[in-house]
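Student: To convert, note that position 239 of the sequence shown is 239 in the UniProt record's numbering; the numbers rise steadily by one, no gaps. Note that beta-carbon positions come from the ideal geometry of N, C-alpha and C, so glycine has one too. If you're wondering where the values come from, they're calculated on a predicted model, not measured in any experiment.
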Amino acid sequence: MSDFRQQALDYHAKPVPGKIAIQLTKPAETVTDLALAYSPGVAEPVREIAADPNAAYQYTAKGNMVAVISNGTAILGLGNLGPLASKPVMEGKALLFKRFAGLDSIDIEVKHSTTEDFINTVANIADTFGGINLEDIKAPECFEIEQELIKRCSVPVFHDDQHGTAIVTAAGMLNALEVQGKELTDVTIVCMGAGAAAIACMELLIKCGAKRERIYMLDTKGVIHTRRDNLTHHKKLFANNTDKRTLEDALDGADVFVGVSGPDVLPAEALALMAPNPVIFACSNPDPEIKPELAHSVRDDVIMATGRSDYPNQVNNVLCFPFIFRGALDVRASEINDEMKIAAVEAIRGITKEPVPADVLAASNLTSLTFGREYIIPKPMDPRLLQRVATAVAQAAIDSGVAMLKELPAGYMQG
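1) When you compare the stretch 102–111 with the stretch 63–71, are there three or more beta-carbon pairs, one atom per stretch, that lie closer than 8 angstroms?
2) Going by Cα to Cα distance, which pick from Glu407, Met413, Leu386 is closest to arginine 99?
3) Of the choices Gly350, Val155, Gly372, whose alpha-carbon is the least far from that of arginine 388?
4) Helix, strand or coil for aspartate 107? Go by DSSP, reduced to three states.
5) If you draw a straight line from the C-alpha of alanine 51 to the C-alpha of valine 260, how long is it?
6) Starting from asparagine 133, trace the alpha helix (DSSP H) both ways and give me its first and last residue.
7) For alanine 94 and alanine 139, which I take to be in contact (beta-carbon distance under 8 angstroms), what is that distance rounded to the nearest angstrom?
8) To test your reading of the DSSP string, which unbroken beta strand (DSSP E) runs of 3 or more residues are found completely within the stretch 172–215?
9) Would you check if the distance between the CB atom of leucine 231 and the CB atom of alanine 239 is smaller than 8 angstroms?
10) Verify whether the separation of the beta carbon atoms of valine 393 and phenylalanine 323 is less than 8 angstroms.
11) Counting Cβ pairs closer than 8 angstroms, one from the stretch 154–166 and one from the stretch 176–187, do we hit at least three?
12) Assuming proline 380 and asparagine 316 make a contact with CB atoms under 8 angstroms, what is their CB distance in whole Å?
13) Considering only DSSP beta bridges, list what tyrosine 375 is partnered with.
14) What does the Cβ neighbour count give for phenylalanine 4, buried or exposed, with the cut at 16 atoms within 10 Å?
15) Do phenylalanine 129 and lysine 26 come within 8 angstroms of each other at the CB atom, strictly closer than that value?
16) Near leucine 204, what residues of its chain come up, given a Cβ to Cβ distance below 6 angstroms and the 5 sequence neighbours on each side ignored?
17) Where does serine 70 fall in DSSP's three states?
18) For leucine 177 versus valine 187, is the C-beta spacing smaller than 8 angstroms?
19) Using the C-alpha atoms, what's the distance from valine 331 back to proline 53?
20) What whole-angstrom Cβ distance do glycine 131 and phenylalanine 325 have, given they're in contact under 8 angstroms?
21) For the stretch 272–320, which segments carrying the beta strand (DSSP E) assignment without a break, of at least 3 residues, lie completely within its bounds, in sequence order?
This is the structure:
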């Protein structure tokens, strides 16, 4: 582990500090170039944009630019370490935007005294960008921040910790249940964790067909039920009228366990209580709620997914957020709505049912991969994700009326 730690530090420090940089897209070698790039030539697009703000998409980088913004209050699994400490993560998101979707991205770390300060800061700079990706902001503040910024910004705002996790979880869950011969509308779901990702996952599963009354959500005090006091607004939405109080109570006969909590919180004895052909999404990183080896030793009928790349079925946000923004920006969407999220779910899950390209197998160090227990979610390096997810999201934006463009650009995502 010490070797890996040094490798990680060296990766970020050498040959130059950080993971992103700015590059020029226009020549700047001659006096004429500079006259066009700055004064006096720059006055011409300034006048055009002043007359029509939408002209910014034609004359500036706005339409291909995402801001990755955090206050550092929930950095990975490390907690509230402050805005500056979140910068390596935000640069990492910028790297992923560029690598997977060709989107330019700038990381912005915000110091603030109140939630209102943060909201005002982001809202006041939002027009600079084509979209806003919020990251590593703790609950429950993240809910208010995202909802208020969606209201105040004319570009799409997306809290990836909530919705990116939810989209990939929903895609994998629908496929896992299909393999297990179950329907989302019929299953009982136990969710360990009640933070931003957990609540977003459950809300999206409900939009995909799950029944709210068949979801049992747990926090550090046990099952969230209607007789508990001092529940937050978002927890109240999942307060179940039940006598179940413990994880074991909730899991008895349940079909699905979704963990967005912490390591090793799902005991083998509790897994044994679940219904036949259970589905386990143990997404705590780096250590899941139950190790796959242990789960498979207890149940040979289980389908397992984790947040780790060294096990099958990795729930990885990179499967969706670059492509959701790609599609949203390409049709100049004003928001990322439920229709666009569900379109992303369907596009992601559909890829796993097709033959896997040889280059994806090679990148995954595999010789074969077929839809089934160990392949319910695409691999992150699958190039089909860009075309399929971006196109589905862009079309959903148009169909739902939130896109400035009324049809996909000619030849969009072809070739």
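Tutor: In this structure, then:
1) Short answer: they touch.
2) That would be Leu386, whose Cα lies nearest to the Cα of arginine 99.
3) Per the Cα distances, Gly350.
4) Reduced to three states, the DSSP call for aspartate 107 is strand.
5) When rounded, the distance between both Cα atoms is 48 angstroms.
6) Under the DSSP assignment, asparagine 133 falls outside any alpha helix (DSSP H), being part of the beta strand (DSSP E) whose first and last residues are 131–134.
7) Rounded to whole angstroms, the Cβ separation of alanine 94 and alanine 139 is 24 angstroms, and the two are not in contact under 8 angstroms.
8) 189–192, all fully within the stretch 172–215.
9) Yes. Within cutoff.
10) Yes. Within cutoff.
11) For the pair of segments examined, the stretch 154–166 was found not to touch the stretch 176–187: the number of CB pairs separated by less than 8 angstroms stays below three.
12) Yes, proline 380 and asparagine 316 are in contact; Cβ-Cβ is about 5 angstroms, under 8 angstroms.
13) Tyrosine 375 is bridged to Gly372.
14) Counting Cβ neighbours within 10 Å, phenylalanine 4 comes out exposed, since fewer than 16 surround it.
15) Result no, Cβ atoms of lysine 26 and phenylalanine 129 do not sit closer than 8 angstroms.
16) Answer for leucine 204: Ala166, Ala170, listed in chain order.
17) DSSP places serine 70 in strand when its eight states are reduced to three.
18) In contact: leucine 177 and valine 187 (Cβ atoms closer than 8 angstroms).
19) Rounded to whole angstroms, proline 53 to valine 331 spans 16 angstroms at the Cα level.
20) Between glycine 131 and phenylalanine 325 the beta-carbon gap is near 5 angstroms, inside 8 angstroms, which marks them as a contact.
21) Listed in chain order, the complete beta strand (DSSP E) runs (minimum 3 residues) inside the stretch 272–320 are 279–282, 303–306.
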